[in-house]
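Student:
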Amino acid sequence: MLGPLGVAEAKETGKSILFMLETNPGPGLGVLLAFWLVGPRVVRGSVPGAIIIHFLGGIHEIYFPYILMKPRLILAAIAGGAAGVAMNVALDNGLTATPSPGSIFAYMVVTPKGDTFKVLLAIAVSAAVAFAAAWFLLKTDSSNNDDLDAATARKNSLKNG
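Counting from 146, one number per residue, gives the positions in the sequence shown under this note's numbering.
#1: Going by DSSP in three states, SER161 sits in which element: helix, strand or coil?
#2: Just to confirm the assignment, what range does the alpha helix (DSSP H) spanning PHE250 have?
#3: Do the CB positions of ALA146 and VAL188 come within less than 9 Å of each other?
#4: Is GLY226 close to chain C? Criterion is C-beta to C-beta, closer than 9 Å.
#5: Leaving out five residues before and five after ASN233 in sequence, what residues of the same chain have Cβ atoms less than 7 Å from its Cβ?
#6: My output table needs one value for LEU283: the three-state DSSP class, helix, strand or coil.
#7: Check whether the Cβ atoms of THR243 and THR297 lie closer than 9 Å to each other.
#8: Taking the beta carbon of GLY171 as the centre, do at least 16 other beta carbons fall within 10 Å, making it buried, or is it exposed?
#9: Using beta-carbon positions only, say whether PHE250 and LEU178 come within less than 9 Å of one another.
#10: Quick one: is the Cβ of THR243 within less than 8 Å of any heavy atom of the ligand GTP?
#11: Check the DSSP bridge columns for LEU303 and list the partner residues they point to.
#12: Determine the DSSP secondary structure at LEU147, reduced to helix, strand or coil.
#13: Can you tell which of ARG217, SER248 and ILE204 has the C-alpha that lies nearest to the C-alpha of LEU282?
#14: So LYS263 and LEU236 are supposed to be a Cβ contact under 8 Å. How far apart are they, rounded?
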């Protein structure tokens, strides 16, 4: 839905913020960094690989099992996403096309000339907000739900109906 609307807007203005609403890698990066630093010790070893797959590879689904393991972290992802959207609006950011996959490399390829710093700043702010929220939520979590395999299986069952 956002893609065709973004294409129409980009035709008129040269860029569209609509391409940035679902694809910002910042919130996922922030959640994963917090998980790596203060998440359950049993899963910390898998997080660096997930960061590479998510941020450099653009596969956002890699952090879903971590959020399913600690469902309160959806709030951190939402906060990071909202901060990113607010920054993109304030900075008049937009992309020239859909960054697919949603990696940092794809973002840079479709960033309008001269807007690179502004786009990177919005991604960094969204990552920082998501990190801060996830760090707080993980530090205050007393649940014992630390099974990444169970969370991955749950994600797959939800995906397959």
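Virtual Cβ for every residue (Gly too), placed ideally from N, Cα, C.
For clarity, every value in this text was computed on a predicted model and none was experimentally measured.
Tutor: So, to answer that:
#1: Numbered from 1 along the sequence shown, position 16 holds the residue referred to as residue 161. In this structure, SER161 counts as strand in the three-state DSSP scheme.
#2: Mapped onto the sequence shown, residue 250 falls at position 105. Looking at the DSSP string, the run of the alpha helix (DSSP H) that includes PHE250 is 249-254.
#3: In the sequence shown, the residue the question calls residue 146 occupies position 1. In the sequence shown, the residue the question calls residue 188 occupies position 43. In the sequence as displayed, the identity of residue 146 is Met instead of Ala. No, the pair does not count as a contact, with Cβ atoms beyond the cut-off.
#4: Annotation note: the requested chain C is absent from the structure, which comprises a single protein chain.
#5: Stepping through the sequence shown from its first residue, residue 233 is reached at position 88. Here the set comprises ILE162, MET165 and ALA267.
#6: The residue given as residue 283 occupies position 138 in the sequence shown. The answer is helix: DSSP assigns LEU283 an H, G or I state.
#7: Counted from its first residue, the sequence shown places residue 243 at position 98. Counted from its first residue, the sequence shown places residue 297 at position 152. Their beta carbons are not under 9 Å apart, which means THR243 does not touch THR297 by this criterion.
#8: Translated into positions along the sequence shown, residue 171 becomes position 26. It counts as buried.
#9: For the purposes of this step, residue 250 is identified with residue 105 of the sequence shown, where counting begins at 1. For the purposes of this step, residue 178 is identified with residue 33 of the sequence shown, where counting begins at 1. Contact: no.
#10: As presented, the structure is devoid of all ligands, the ligand GTP included, so that no description of it is given.
#11: To locate residue 303, count along the sequence shown from 1; it is residue 158. For LEU303, which the question treats as bridged, DSSP gives no partner whatsoever.
#12: Reading the sequence shown from its first residue, position 2 is the one you call residue 147. Three-state result, LEU147: helix.
#13: Taking the first residue of the sequence shown as 1, we reach residue 282 at position 137. When each option's Cα is compared against that of LEU282, the closest is ARG217.
#14: Translated into the one-based positions of the sequence shown, residue 263 becomes position 118. Translated into the one-based positions of the sequence shown, residue 236 becomes position 91. Going by Cβ atoms, the distance from LYS263 to LEU236 rounds to 4 Å, so yes, they are a contact pair.
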